[in-house]
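Chemist:
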Amino acid sequence: DTDRNVKDEL
Amino acid sequence: MNAFRLAGDMTHLISVLVLLLKIHTIKSCAGISLKTQELYALVFATRYLDIFTDFISLYNTVMKLIFLGSSFSIVWYMRRHKLVQRSYDKDHDTFRHQLLVLPCLILALLIHEQFTFKEVMWTFSIYLEAVAILPQLVLLQRTRNIDNLTGQYVFFLGAYRSLYILNWIYRYFTEPHYVHWITWISGLVQTLLYADFFYYYISSWKNNVKLTLPA
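Line order of the protein sequences matches chains A and B. 6 is the number of the first residue of the first sequence in the numbering used here; add one for each residue after it. 105 is the number of the first residue of the second sequence in the numbering used here; add one for each residue after it.
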């Protein structure tokens with residue numbers, strides 16, 4: 006899901 | 105992962121290690137705000153609720169465990185360890201941190217991307233992280249006697265935030281659909297809070313004098 010890619014940040 | 109992001113994570117990690125070094129080896133937490141440390145523990149506890157449900161990468165999981173473990177052990181040290189506890193500057197660390205938690209929670213309930221428990225908690229952690237440094241900055245200003253490790257701790261934390269902004273700019277131009285207003289605005293606010301400290305930190309470093317903040 007590209008919209009949630011910020012979730013791979015810490 | 106781009107270089108800004110990695111450098112951001114590494115400066116974040118270094119800041120935590122600097123603080124643990126101070127607490128663990130010198131057995132002192134002088135100049136460190138327990139309020140800020142408790143807020144960070146709350147930030148990580150509410151942000152990493154997905155740690156066992158969503159696997160992103162080994163790097164991601166390990167870093168999350170490090171940030172959770174270190175933030176809670178710092179709080180434990182400052183509250184429970186006899187020697188460390190004694191060096192805690194309780195009288196100056198009087199910032200009412202509840203005043204930060206409640207507005208952040210309300211804001212997260214009002215402004216979020218999805219209304220689910222995990223998502224609201226994640227958003228709350230983003231808002232809270234933005235302001236969690238405030239008790240620490242207030243304490244620095246009050247004590248005005250800043251040792252090297254404490255100065256370096258705050259410097260690395262600020263560097264981490266600045267590098268994350270570069271990371272977002274980079275990702276915005278290289279990844280499709282990379283638009284995250286909540287994270288960006290909170291991150292920008294957080295970085296701006298360090299601006300004043302950075303100014304004095306860098307000028308003291310350039311002039312090779314001890315870091316002091318104006319009253």
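Cβ coordinates follow ideal geometry from the N, Cα and C atoms, glycine included. None of the values given here were measured: they were computed from a predicted structure.
So with CB distances below 8 angstroms, who are the chain A contacts of H284/B?
Modeler: The residue labelled residue 284/B in the question sits at position 180 within the second sequence. Per Cβ cutoff of 8 angstroms: V11.
Chemist: In whole angstroms, what is the alpha-carbon distance linking N312/B and A299/B?
Modeler: For the purposes of this step, residue 312/B is taken as the residue at position 208 of the second sequence. For the purposes of this step, residue 299/B is taken as the residue at position 195 of the second sequence. Distance between the alpha carbons of N312/B and A299/B: 20 angstroms.
Chemist: For the segment 164-182 of chain B, enumerate the residues whose C-beta is nearer than 9 angstroms to any C-beta of chain A, in chain order.
Modeler: So the close ones are N164, M167, K168, F171.
Chemist: Please say whether Y304/B and T115/B have beta carbons closer to each other than 8 angstroms?
Modeler: Your numbering for residue 115/B matches position 11 in the second sequence. Your numbering for residue 304/B matches position 200 in the second sequence. No, these two residues do not count as a Cβ contact at 8 angstroms.
Chemist: List the residues of chain A that I160/B touches, going by C-beta distances under 8 angstroms, in chain order.
Modeler: On the second sequence, residue 160/B is found 56 positions in, with the first residue counted as 1. Correct list: K12, D13.
Chemist: Between D251/B and chain A, is any beta-carbon pair separated by less than 8 angstroms?
Modeler: For the purposes of this step, residue 251/B is taken as residue 147 along the second sequence, with counting starting at 1. Not an interface residue.
Chemist: Cβ closer than 9 angstroms: which chain A residues qualify as neighbours of T287/B?
Modeler: In the second sequence, the residue the question calls residue 287/B occupies position 183. V11, E14, listed in chain order.
Chemist: Please list the partners that D193/B has in chain A, where partner means a Cβ-to-Cβ separation under 8 angstroms.
Modeler: Here residue 193/B corresponds to residue number 89 of the second sequence, with the count starting at 1. Residues of chain A passing the Cβ test: none, with the nearest at roughly 29 angstroms.
Chemist: Hey, is D113/B's beta-carbon within less than 8 angstroms of any beta-carbon in chain A?
Modeler: Taking the second sequence and counting its residues from 1, the one referred to as residue 113/B is at position 9. It does; some Cβ of chain A falls within 8 angstroms.
Chemist: Could you give the DSSP three-state label for S215/B: helix, strand or coil?
Modeler: The count along the second sequence starts at 1 and reaches residue 215/B at position 111. Per the sequence presented here, residue 215/B reads as Ile, with Ser not at that position. The answer is coil: DSSP assigns I215/B none of H, G, I, E or B.
Chemist: Using beta-carbon positions only, say whether T150/B and F228/B come within less than 8 angstroms of one another.
Modeler: Along the second sequence, one-based indexing puts residue 150/B at 46. Along the second sequence, one-based indexing puts residue 228/B at 124. Cβ distance < 8 angstroms, so T150/B and F228/B count as in contact.
Chemist: If L153/B and M225/B are in contact, beta carbons under 8 angstroms, what's the gap, nearest whole angstrom?
Modeler: As a first step, residue 153/B is located in the second sequence; it is residue number 49 there, counting from the start. As a first step, residue 225/B is located in the second sequence; it is residue number 121 there, counting from the start. Right, their Cβ atoms sit about 6 angstroms apart.
Chemist: Going by the CB atoms, is the gap between F199/B and L162/B shorter than 8 angstroms?
Modeler: Stepping through the second sequence from its first residue, residue 162/B is reached at position 58. Stepping through the second sequence from its first residue, residue 199/B is reached at position 95. The answer is no: Cβ separation not under 8 angstroms.
Chemist: Taking all protein chains shown into account, decide if E279/B is buried (16 or more other Cβ within 10 angstroms of its Cβ) or exposed.
Modeler: Taking the second sequence and counting its residues from 1, one reaches residue 279/B at position 175. Burial call: exposed.
Chemist: Count the other CB atoms within 10 Å of the CB of A234/B; is the residue buried (16 or more) or exposed (fewer)?
Modeler: The sequence position of residue 234/B within the second sequence is 130, counting from 1. Counting Cβ neighbours within 10 Å, A234/B comes out buried, since at least 16 surround it.
Chemist: So what's D6/A in DSSP terms, helix, strand or just coil?
Modeler: What you label residue 6/A is simply residue 1 of the first sequence in a count that begins at 1. In this prediction, D6/A has a pLDDT of 41, which is less than 50 and means its spatial position is unreliable; nothing more can be read from the coordinates.
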